[in-house]
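Read through the structure below, which is laid out as structure tokens, and then see the notes.
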Amino acid sequence: MYQYSEFSAGSGGGAAVLSLQNALHRPPVRPSLGEKVTALRSRAGEIDLVVDLGLRIGSREWFRGLGTCFALCYAAYSFAPPLDSVAGAAPAPLADAQWEESRALAIAPLALGADTGRRMAASDAVEPLADAPERPSVDLLATLGFGDGFARVLERAGVAQVEAARIEAMVATAVNPADIKPGTTMDLTLGRRPNSNVARPVEALSFRASLALKLQFQRVNGQLVMNRIPITIDGTPLRIQGRIGTSLYRSARAAGVPAKAVETYIRAIAAQLDIGSLTEDDRFDVVLEHRRAATGESESGALLYAGLQRSSGRSLQMMPWEQGGRVQWFEASGVGKASGMLQRPVPGSVSSSFGLRRHPILGYTRMHKGMDFQAGYGTPILAATDGRVAMAGWSGGYGKQVRIDHAGGLMTSYSHMSRIIAAPGEYVKQGELIGYVGSTGLSTGPHLHYELHRNGVPINPASVRFTLRSQLDGPALAAFRSRLQSLLAIRPGVAEPVQSAGAAKPGFSSL
Numbered sequence: 003m004y005q006y007s008e009f010s011a012g013s014g015g016g017a018a019v020l021s022l023q024n025a026l027h028r029p030p031v032r033p034s035l036g037e038k039v040t041a042l043r044s045r046a047g048e049i050d051l052v053v054d055l056g057l058r059i060g061s062r063e064w065f066r067g068l069g070t071c072f073a074l075c076y077a078a079y080s081f082a083p084p085l086d087s088v089a090g091a092a093p094a095p096l097a098d099a100q101w102e103e104s105r106a107l108a109i110a111p112l113a114l115g116a117d118t119g120r121r122m123a124a125s126d127a128v129e130p131l132a133d134a135p136e137r138p139s140v141d142l143l144a145t146l147g148f149g150d151g152f153a154r155v156l157e158r159a160g161v162a163q164v165e166a167a168r169i170e171a172m173v174a175t176a177v178n179p180a181d182i183k184p185g186t187t188m189d190l191t192l193g194r195r196p197n198s199n200v201a202r203p204v205e206a207l208s209f210r211a212s213l214a215l216k217l218q219f220q221r222v223n224g225q226l227v228m229n230r231i232p233i234t235i236d237g238t239p240l241r242i243q244g245r246i247g248t249s250l251y252r253s254a255r256a257a258g259v260p261a262k263a264v265e266t267y268i269r270a271i272a273a274q275l276d277i278g279s280l281t282e283d284d285r286f287d288v289v290l291e292h293r294r295a296a297t298g299e300s301e302s303g304a305l306l307y308a309g310l311q312r313s314s315g316r317s318l319q320m321m322p323w324e325q326g327g328r329v330q331w332f333e334a335s336g337v338g339k340a341s342g343m344l345q346r347p348v349p350g351s352v353s354s355s356f357g358l359r360r361h362p363i364l365g366y367t368r369m370h371k372g373m374d375f376q377a378g379y380g381t382p383i384l385a386a387t388d389g390r391v392a393m394a395g396w397s398g399g400y401g402k403q404v405r406i407d408h409a410g411g412l413m414t415s416y417s418h419m420s421r422i423i424a425a426p427g428e429y430v431k432q433g434e435l436i437g438y439v440g441s442t443g444l445s446t447g448p449h450l451h452y453e454l455h456r457n458g459v460p461i462n463p464a465s466v467r468f469t470l471r472s473q474l475d476g477p478a479l480a481a482f483r484s485r486l487q488s489l490l491a492i493r494p495g496v497a498e499p500v501q502s503a504g505a506a507k508p509g510f511s512s513l
């Protein structure tokens, strides 16, 4: 119910009725809690110290509440304690003797390997020994590294120098110690020594000297005795075939062909065709030197046969053969082919190229028939390619000179040498040492004058690629074809005995 006081004074009855009707149809407006508290305190005549600063902004009561807030904040700031640091006394650093004492009693000696030397003092229960006991024997495993010496390995393991040299001399009667492969492990047993001032003696030693030989050493009646244990070897070739796919190298390696054999195979077929023309359906066919020991170890060696079966185009059947002291790859027809670039005779840069130039001594322009290489006095000079030495000696203004005849009418000359190594009539291979750089003859300083002639006419050495072709005939061709047929008779993946008939026998390389 509404009280009379809620209606405005002086309003008529109609206005009161209208206000009553509006109130009946409209929800009443409820004042907030703050308004109610303010109204009650105003009626009671009290002062509101806690003013809601969110209401009646700008009024007298609002400013009073703002002042109260600032006063409280200032009071809190005024009574706050100071934030100055408190000075404390630092302990004096320890003296050296005190530091070592505390360090010995801390955990640091354990972390640093107990390098202080401190230990607990012995009590009365400790009885001193005249000599500390040692193990009667020590078993070790020594490994031969790359470029290592056999005796040096034993010395590092604790063997006396004299005894290590004696064992190496005994090994040399069975196999050359330099031929023992790096990575070979040795089972070594050192015995009891008579006193602590000498090295332990060797009681037993065993290792694999080669794939076909094992050596064992035992001490019998105070002397070392070497025992040779031969191992049966099946030295028969191995044939591997496979599809080239997306990569010839990866496919051959996945089939089990050693990396060096794959590289040799690629170089052999690259001399006959373009490697980029191979397709994924082409198949490679290789035969390798292969040896397998009765104990299970095996090693593969040189490439004996390189075949290529093409899905379209000419297939290849190639085999290495020695002719005239030089190993070359021949096709099944007996025709060999090798191509490449002439090797640079010295590592120096070119100071004068092929062509017209002013001679530094004679003083006029004339044809420079070769190339001059800058090189220090005594720099080794290497043969540009295989050939036979036609001349080695003094040659007028050229000074000390070497001339080498090559196949196809090619001839190279090397002048102004300080010393000649090659001899007339000697067959030299590419990269073989023939002499040393000097300044003999008409020369202003140490350098190499290098010329290349074709049928007696000088040509520019920098623009020459060579192709050598050889043809087998007679007994050599018959032996070549017999060897080729025996290799082709091997079943893929099966090692079968094949008789060697003049083919090259490079050294074995471990898988």
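Our numbering runs 2 ahead of the 1-based position in the sequence shown.
Ideal Cβ positions, reconstructed from N, Cα and C, are used throughout, including at glycine.
Quick caveat: nothing in here was measured; it's all calculated off a predicted structure.
On the three-state DSSP scale, how would you describe residue i?
i      : result
Gln487 : helix
Val164 : helix
Gln100 : helix
Lys216 : strand
Gln170 : This sequence places Glu at residue 170; Gln is not what is there. Helix, per DSSP.
Asp86  : coil
Asp150 : coil
Arg137 : coil
Val439 : strand
Glu333 : strand
Gly69  : helix
Arg493 : coil
Val177 : coil
Arg158 : helix
Met3   : The pLDDT assigned to Met3 is 39, lower than 50, so where the model puts this residue is not dependable, and the model offers no usable value.
Ile182 : coil
Tyr318 : For the sequence presented, residue 318 should be read as Leu rather than Tyr. Leu318 falls in the strand class under three-state DSSP.
Glu205 : strand
Pro460 : strand
Ser420 : strand
Gly338 : strand
Using 10 angstroms around the beta-carbon of residue i, count the other beta-carbons present and answer buried if the total reaches 16, otherwise exposed.
i      : result
Arg62  : exposed
Arg210 : buried
Tyr416 : buried
Pro347 : buried
Gln403 : buried
Arg555 : Outside the displayed span of the chain (3 to 513) sits residue 555, for which this structure offers no information.
Glu453 : buried
Asp181 : exposed
Ala159 : buried
Pro349 : exposed
Val200 : exposed
Leu68  : exposed
Thr446 : exposed
Phe72  : exposed
Tyr79  : exposed
Ser279 : exposed
Trp396 : exposed
Could you tell me which residues DSSP puts in a beta bridge with residue i?
i      : result
Leu57  : DSSP output for Leu57 lists no bridge partner at all.
Val352 : Phe375
Ile406 : Val391 and Thr414
Val430 : Gly389
Assuming residue i and residue j are in contact, meaning their beta carbons sit under 8 angstroms apart, how far apart are those beta carbons, in whole angstroms?
i      : j      : result
Pro494 : Gln243 : 5 angstroms
Leu215 : Ser208 : Actually they do not touch by this definition, with Cβ atoms about 12 angstroms apart.
Val430 : Gly380 : Contact doesn't hold; Cβ gap of about 20 angstroms is too wide.
Ala308 : Ala270 : 5 angstroms
Ala386 : Gln432 : 7 angstroms
Pro138 : Arg194 : 5 angstroms
Leu190 : Ala153 : Wrong, their Cβ atoms sit about 13 angstroms apart, outside the cutoff.
Gly372 : Pro463 : 7 angstroms
Gln319 : Asp284 : Incorrect: roughly 14 angstroms between the Cβ atoms, too far for contact.
Ile492 : Gly437 : Contact flag wrong, Cβ pair sits at about 46 angstroms.
Answer yes or no: does any C-beta atom of chain D fall closer than 7 angstroms to that of residue i?
i      : result
Val161 : Chain labels in this structure do not include chain D; a single protein chain is all it has.
Length at least 3, wholly inside the stretch 275-314: the beta strand (DSSP E) runs in chain order: List check, beta strand (DSSP E) in window: 285-295 and 300-311.
Beta strand (DSSP E) segments (min. 3 residues) lying fully within the stretch 212-256: Within the stretch 212-256, the runs of beta strand (DSSP E) at least 3 residues long that lie entirely inside it are, in chain order, 215-222, 225-232 and 240-245.
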